[in-house]
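Enquirer:
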């Protein structure tokens with residue numbers, strides 16, 4: 001008598017109502033999770049290394065936003081006590097037009113000095129989904145981020161033309177929902193050539209011989225690691241004191257800066273989350289309570305047949321939990337289905353709008369269950385307080 | 001078997017003065033007797049049935065079943081007493097629409113903790129006896145009024161309760177179905193149950209051992225019947 005079929009017959013509309021509420025909560029939560037992952041990923045990255053750039057305003061130099069960092073500066077940084085590794089980098093906008101420059105969706109070319117290990121403690125390597133990572137001695141090859149690969153339709157073995165030079169894609173990174181999803185990572189020697197090709201002023205300076213610049217000086221920045229037991233902020237300040245003409249990002253300050261610059265998104269997400277939980281939660285609680293009150297006559301009949309308060313309470317609560325769990329599960333499935341569909345469409349332009357994390361799905365189900373149980377308990381207490389005759393009268 | 005002493009019950013209309021519906025009602029129905037309660041609409045017949053059936057509390061007086069003062073029991077004990085001692089037949093059947101006819105009958109056994117193969121077998125026997133076994137898998141909306149009341153009667157007697165209370169059991173039935181139910185109630189009395197029926201049907205008087213009239217909150221003995229007089 002307590003089969004799934006009976007629950008479905010008695011509570012079909014209730015389950016649908018709960019499912020819609022939960023689907024709303026999960027969908028909004030998944031959008032929030034997507035942005036949170038982006039912000040947290042950036043935070044982890046900046047806390048994993050000391051970023052150093054040449055002093056100046058080298059437009060188009062990516063997140064380092066500095067001037068040129070010559071080889072002599074790299075050597076000086078490496079000599080600072082506490083420094084455990086220095087990797088020269090070149091970061092360039094793939095398309096230096098104003099439409100893309102310095103936006104969250106900017107596609108970047110990252111050149112890495114493959115002769116030294118990447119010193120970032122959080123991301124010593126980026127996870128490769130397909131193909132391989134770059135290796136020392138590579139030339140004319142690229143590893144691309146997942147969003148870049150999707151939006152440009154490239155995969156391992158594809159050819160990529162950057163500044164009139166042909167590159168073979170040897171790897172595609174796993175989707176991280178962070179900035180590297182839009183990176184094209186190449187050996188630093190190749191990135192330097194691209195920089196010169198993109199930057200007319202740099203070409204003019206080099207051609208004029210006005211400044212003594214050789215290839216090793218063409219770096220937009222460096223990732224700097226610190227030794228075990230060292231405080232990265234102290235090491236960063238030490239670099240700033242001892243090495244001239246560099247901009248040093250203090251990891252904790254950069255993290256704070258990043259968080260304050262994304263504070264609006266965090267607040268927006270928080271507000272959306274609270275709104276989703278309040279609206280979805282109220283809808284769910286109301287639906288469950290209404291479903292119990294709707295059956296008040298049945299409960300009166302059951303009590304007339306000998307059901308005690310305890311038996312009835314247990315029965316109503318059990319059914320409410322089953323209904324809430326069913327509605328919650330259907331709602332989660334509905335949200336995942338719709339979100340996946342939307343993401344499939346968005347993937348054509350390299351976007352992903354939803355992130356259905358385990359904590360979100362589990363949390364939504366637990367939240368639904370707790371709220372359903374609370375609403376059912378409230379309704380049950382109201383129902384069992386009535387005499388059987390009153391319950392039958394009210395339900396008639 | 002069933003005894004009510006000095007039952008008092010009032011209702012308070014919203015914003016109005018309390019209306020005394022039962023004003024010191026006494027009733028005694030021994031085993032094997034069918035008592036019929038007549039009265040105008042709103043005279044308190046159903047309230048009397050609800051109170052003696054422990055479906056609502058009285059402000060005063062006692063309900064005694066089988067020598068036990070059940071009106072003094074706590075809520076849970078009253079629930080168990082209802083399941084053990086009392087069967088109900090309602091005018092509007094009150095079958096649960098989401099359950100089949102068989103499951104509706106078995107509901108009585110479930111709360112009396114008698115669910116099992118015996119209860120299922122007994123439920124089928126009763127459904128067969130009342131000609132609705134073929135409808136056991138049907139849901140109440142798929143049954144006629146007469147069939148629903150027969151299923152409801154099976155539910156009321158599944159546990160062989162010593163007290164059977166019927167509130168206008170034929171009120172929504174045609175004559176033929178009404179006669180079936182009245183005869184079934186009479187049969188339960190002959191089998192040893194104390195039966196109280198509230199009805200308007202003239203032929204109900206003939207089936208009764210005792211007839212009472214509810215007037216101004218009091219129960220007055222009616223004329224003697226062929227089945228016996230007021231106790």
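Chains as they are written, first to last, in our numbering: chain A, 1 to 396; chain B, 1 to 231. Virtual Cβ for every residue (Gly too), placed ideally from N, Cα, C. This structure is a prediction, so every number in the text was calculated from the model and none was measured.
For residue 387 (chain A), go through chain B and note every residue whose CB falls closer than 7 Å to its CB, in chain order.
Expert: Chain B residues near residue 387 (chain A): 55, 56 and 57.
Enquirer: For residue 342 (chain A) and chain B, any beta-carbon pair shorter than 8 Å?
Expert: Judged by the 8 Å Cβ criterion, residue 342 (chain A) is not in contact with chain B.
Enquirer: Output yes if chain A places a C-beta closer than 8 Å to the C-beta of residue 187 (chain B); else output no.
Expert: No, because no Cβ of chain A sits closer than 8 Å to the Cβ of residue 187 (chain B).
Enquirer: Using 10 angstroms around the beta-carbon of residue 16 (chain B), count the other beta-carbons present and answer buried if the total reaches 16, otherwise exposed.
Expert: Classification for residue 16 (chain B): exposed.
Enquirer: Does any C-beta atom of chain B lie closer than 8 Å to the C-beta of residue 10 (chain A)?
Expert: Chain B contact via Cβ: present.
Enquirer: Apart from the five residues just before and just after residue 203 (chain A), which ones in its own chain have a Cβ nearer than 7 Å to its Cβ?
Expert: Result list for residue 203 (chain A): 196, in chain order.
Enquirer: Within this structure, are the beta carbons of residue 305 (chain A) and residue 111 (chain B) separated by less than 8 Å?
Expert: Yes. Within cutoff.
Enquirer: Can you tell me where the alpha helix (DSSP H) holding residue 205 (chain A) begins and where it ends?
Expert: Run containing residue 205 (chain A): 200-208, per the alpha helix (DSSP H) assignment.
Enquirer: Classify residue 394 (chain A) as helix, strand or coil using the three-state DSSP reduction.
Expert: If DSSP states are grouped into helix, strand and coil, residue 394 (chain A) belongs with the helices.
Enquirer: Please check if any C-beta of chain A sits within less than 8 Å of the C-beta of residue 98 (chain B).
Expert: So, interface residue.
Enquirer: Give me the residue from A:88, A:271 and A:395 with the minimum Cα distance to residue 50 (chain A).
Expert: The residue with the shortest Cα to Cα distance from residue 50 (chain A) is A:88.
Enquirer: For residue 153 (chain B) and chain A, any beta-carbon pair shorter than 8 Å?
Expert: No, because no Cβ of chain A sits closer than 8 Å to the Cβ of residue 153 (chain B).
Enquirer: Using CA coordinates, which residue listed in A:392, A:193 and A:250 is at the minimum distance from residue 53 (chain A)?
Expert: Among A:392, A:193 and A:250, the Cα nearest to that of residue 53 (chain A) is on A:250.
Enquirer: Looking at the C-beta of residue 75 (chain B), does it have a partner C-beta in chain A at a distance below 8 Å?
Expert: Chain A contact via Cβ: present.
Enquirer: Would you kindly work out how many angstroms separate the C-alpha atoms of residue 399 (chain A) and residue 339 (chain A), rounded to a whole number?
Expert: No answer is possible for residue 399 (chain A): the residues shown for chain A start at 1 and end at 396.
Enquirer: With distances taken from CA atoms, which of A:193, A:22 and A:245 is nearest residue 164 (chain A)?
Expert: It is A:193.
Enquirer: Tell me which residues share the same chain as residue 303 (chain A) and place their Cβ nearer than 6 Å to its Cβ, disregarding the 5 neighbours each side in the sequence.
Expert: Taken in chain order, the residues that qualify are 388.
Enquirer: Can you grab the Cα-Cα spacing for the pair residue 36 (chain A) / residue 75 (chain B), in whole Å?
Expert: In a straight line, the C-alpha of residue 36 (chain A) is about 53 Å away from that of residue 75 (chain B).
Enquirer: Which two residues bound the contiguous alpha helix (DSSP H) that contains residue 296 (chain A)?
Expert: Start and end: 296-304.
Enquirer: Should residue 40 (chain A) be listed as close to the ligand ADP, given that the test is whether its C-beta is under 7 Å from any heavy atom?
Expert: Ligands displayed in this structure: none; no statement on the ligand ADP is therefore possible.
Enquirer: What are the start and end residues of the alpha helix (DSSP H) that includes residue 165 (chain A)?
Expert: From DSSP, residue 165 (chain A) is part of no alpha helix (DSSP H) but of the beta strand (DSSP E) over 165-173.
Enquirer: At a CB-CB cut-off below 8 Å, which residues of chain A make contact with residue 80 (chain B)?
Expert: Within chain A, the residues near residue 80 (chain B) are 306 and 308.
Enquirer: In chain order, what residues of the same chain have a beta carbon less than 6 Å from the beta carbon of residue 180 (chain B), not counting five sequence neighbours either side?
Expert: For residue 180 (chain B), where only same-chain residues beyond five positions count, there are no Cβ hits under 6 Å.
Enquirer: Using 8 Å as the cut-off, can you tell me whether the stretch 161-171 of chain B makes contact with the stretch 191-200 of chain B, which would need three or more C-beta pairs spanning the two stretches below that distance?
Expert: Touching, yes, given that three or more Cβ pairs across the two stretches are closer than 8 Å.
Enquirer: Under 8 Å, do residue 355 (chain A) and residue 177 (chain A) count as touching if we go by C-beta distance?
Expert: Yes, the pair counts as a contact, with Cβ atoms nearer than the cut-off.
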